[in-house]
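Visitor: Numbering-wise, our numbering comes out as the position in the sequence shown, counting from 1, plus 18.
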Amino acid sequence: MGGLWIGQNVNLLPIEASANAPVYDELFRVLFSIGTILFIGILGLVIYSLIRFRRKPGQLSDGIALEGNLPLEIFWTAVPAVVVLFIGIYSYDIYDRMGGMTPLAHGDMHTHNSATTESKIWGGIGNASEKTGYESSIASLPIEVTAMQFAFLFHYPEGDIISGELHVPVGRPVSMRMESNDVIHAFWVPEFRLKQDVIPGQPTILNFTPTKPGRYPVICAELCGPYHGGMRSTVVVEDPNEYQTWFNKNAKDETLKT
Ligand SMILES: [Cu+2]
């Protein structure tokens, strides 16, 4: 019970800043609860046994010979089997709800159609569409991400903006098309609970809807060379007006400014 309480109430994760984050955290809390229950249970049993079965004064003979206990063996095989099966099915369900099973290059990916024709695109995790609570009528914001040793570059086709910092308006779905210039990198924002590989010659897609204004780190999560540890950027989630101000200041195409 203590393990269950700790699993549900101790939060080790950073704040939830995307529509996808609460779905992910639901799974994390379940896994953390199971882990804590096992840890406390097993540790308790070990401590109990150390005290209860310790050698009594003057006791010099061997312990009694024990061999085999079928009911016990069935029990400790069946329990982990059920737990692991449950975790497997539940993880699949969470991954599906995060959009990981959605076939790509369909529907809301139309903004990238010109790019999809030449090469198949992998990875569409982060859609979490039915849980976002935002109107699907809002067109997603297309951003092209280029990763290289050792930086991320963000290109906004709408205003032809190139930025080293990712700016996104809160509440609007973002659809990123990512490609690497050299080696494999990974785009990771812990507060969004999202991570996607960025691969040379193989574009990947990452969709998300930011839900909380703030500045969050973008971290390269794939060892990519000597300065991999310094390959970081920032994602700035701001309210739509502030985003528009930033956009207007940086957009090259005057006609797009509002
Ligand atoms: Cu990298």
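The beta-carbon is built from N, C-alpha and C at its ideal position, and this holds for glycine as well. Small disclaimer: the values here were computed from a predicted structure and weren't measured.
Would you say Ser181 reaches chain B, if we count a Cβ-Cβ gap shorter than 8 Å as a contact?
Guide: The displayed structure is made up of one protein chain only, and chain B is not part of it.
Visitor: Should Asn199 and Thr164 be called a contact, given that it needs their Cβ atoms to be closer than 8 Å?
Guide: Yes, these two residues count as a Cβ contact at 8 Å.
Visitor: Can you give me the start and stop residues for the alpha helix (DSSP H) that Gln26 sits inside?
Guide: It spans 20 to 27 - the alpha helix (DSSP H) in which Gln26 sits, taken as one unbroken run.
Visitor: For Asp215, does the count of other Cβ atoms within 10 angstroms reach 16, so buried, or fall short, so exposed?
Guide: By the neighbour-count rule (16 or more Cβ atoms within 10 Å), Asp215 is buried.
Visitor: In angstroms, rounded to a whole number, what distance separates the CA positions of Tyr261 and Thr95?
Guide: For Tyr261 and Thr95, the distance between alpha carbons rounds to 55 Å.
Visitor: Counting beta carbon pairs with one atom in the segment 33 to 41 and one in the segment 106 to 116, are three or more of them shorter than 8 Å?
Guide: Yes: at least three Cβ pairs fall under 8 Å.
Visitor: When the Cα of Ile223 is compared with those of Arg233, Cys242, Trp206, which residue comes out closest?
Guide: The shortest C-alpha separation from Ile223 is found at Trp206.
Visitor: Report yes if the CB atom of Ser109 is closer than 8 Å to the CB atom of Ser158, and no otherwise.
Guide: It is not a contact, given that the beta carbons lie outside the stated cut-off.
Visitor: Cα separation between Tyr152 and Thr229?
Guide: Residue confidence is low: Tyr152 scores 42 on pLDDT, short of 50, so the model does not pin down where it sits. Its coordinate-derived value is still stated next. Distance between the alpha carbons of Tyr152 and Thr229: 10 Å.
Visitor: Out of curiosity, what's the CA-to-CA distance linking Gly189 and Thr227?
Guide: The alpha-carbon atoms of Gly189 and Thr227 are separated by roughly 6 Å.
Visitor: What is the rounded straight-line gap between the Cα of Met127 and the Cα of Val28?
Guide: With a pLDDT of only 39 at Met127, under the threshold of 50, the placement of this residue in the model should not be trusted; the figure read from the coordinates follows. So the alpha carbons of these two residues sit roughly 38 Å apart.
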